[in-house]
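Report on one structure; see the data block that follows.
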Amino acid sequence: MDSERLVAEGFQKILEGFAEFSVVSLARDGVSALQLVRRERPHLVVMGLGPAGGDGAQVARAIRRDFRHVRIVVLATNQQPVYMREAFAAGVNAYLSRDIGADELRDTLLTVHREGAALSTVAAGQVLELLSGNPEDDASPLSQLTERERQILFLMADEHATHGIAKRLGISPKTVRNYLSRIYAKLGTQNQVQTALYARRSLHLRSGAAVEP
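Structure follows, in structure tokens:
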């Protein structure tokens with residue numbers, strides 16, 4: 695049994711101890727999670743992000759698209775801003791650390807169920823960054839990027855090199871370089887250094903930070 699399965703079963707036991715909630719099912723992966731949501735119609739989904747955060751964000755987006763009433767709570771080891779941004783952009787209602795205590799988890803789930811969202815101080819900062827600034831219009835170079843290209847751009851802004859990005863996303867360095875070539879063309883940059891600087895400047899502008907001209 696893999697470690698993720700052990701973690702999931704551990705949280706299942708914790709959740710089953712909460713009198714306010716009833717655990718209807720435990721999914722093995724993203725595909726089965728979507729099938730179970732369609733079958734069981736739960737009010738609340740507690741999930742991880744999976745390797746590199748990509749699969750979990752896609753599952754959350756699919757749930758949000760088809761079942762808008764469902765509250766989505768992410769329990770994640772990785773608290774890096776790039777993964778929080780991806781999760782909130784996908785429509786999750788709360789992003790929590792796996793180190794959370796049982797009492798705090800229970801209180802958070804109740805808050806999410808009643809009020810629709812619950813944010814830690816760190817997560818609140820990421821939401822403000824995500825939502826601040828003017829929306830990108832169709833003419834913005836960033837608006838031309840695909841979801842995966844944006845994910846790679848965010849990782850570059852967090853100072854990840856090609857091999858590091860490949861490892862986090864579960865793809866090959868060659869595939870990352872292919873994505874980078876398309877990103878360069880869309881943003882009008884020449885190399886990874888210029889693109890990383892562009893990404894950092896764009897993210898700072900979106901969060902309302904002062905940027906030197």
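Residue 695 is where the sequence shown starts when you use the numbering used here, and the numbers rise one by one after that.
Every residue, glycine too, gets a C-beta built ideally from N, C-alpha and C.
Could you say which of the options lies nearest to residue i if we only look at CA atoms?
i, options, result
"ALA702", "ARG844, GLY724 and MET741", "MET741"
"LEU700", "TYR892, LEU720 and GLU714", "LEU720"
"SER716", "ALA812, LEU804, ARG722 and ALA784", "LEU804"
"MET850", "ARG792, ASN885, GLU734 and VAL731", "ASN885"
"ALA783", "GLU714, ALA796 and GLU841", "GLU841"
By a C-beta neighbour count over all protein chains shown, 10 Å radius and 16 as the cutoff for buried, is residue i buried or exposed?
i, result
"ARG762", "exposed"
"VAL718", "exposed"
"VAL725", "exposed"
"GLY747", "For GLY747, the predicted structure reports a pLDDT of 48, less than 50, and the residue's modelled location is therefore unreliable. A value from the coordinates is still provided. It is buried - the Cβ of GLY747 has at least 16 other Cβ atoms within 10 Å."
"GLY882", "exposed"
"ASN872", "exposed"
"ARG862", "buried"
"LEU891", "exposed"
"HIS857", "exposed"
"VAL806", "buried"
Can you tell me which of the three DSSP states residue i falls into?
i, result
"SER716", "coil"
"THR805", "helix"
"THR869", "helix"
"ILE794", "coil"
"GLN845", "helix"
"ASP749", "helix"
Which residues does DSSP list as the beta-bridge partners of residue i?
i, result
"ALA781", "ALA781 pairs with nothing; no bridge assigned."
"VAL768", "MET741 and TYR789"
Pair every Cβ in the stretch 758-772 with every Cβ in the stretch 728-742, then say whether three or more of these pairs are closer than 8 angstroms. Under the Cβ criterion (8 angstroms, minimum of three pairs), the stretch 758-772 counts as touching the stretch 728-742.
Pairs of beta-carbons, one from the stretch 774-783 and one from the stretch 792-807, closer than 8 angstroms: are there three or more? At 8 angstroms Cβ cutoff, the stretches do not touch.
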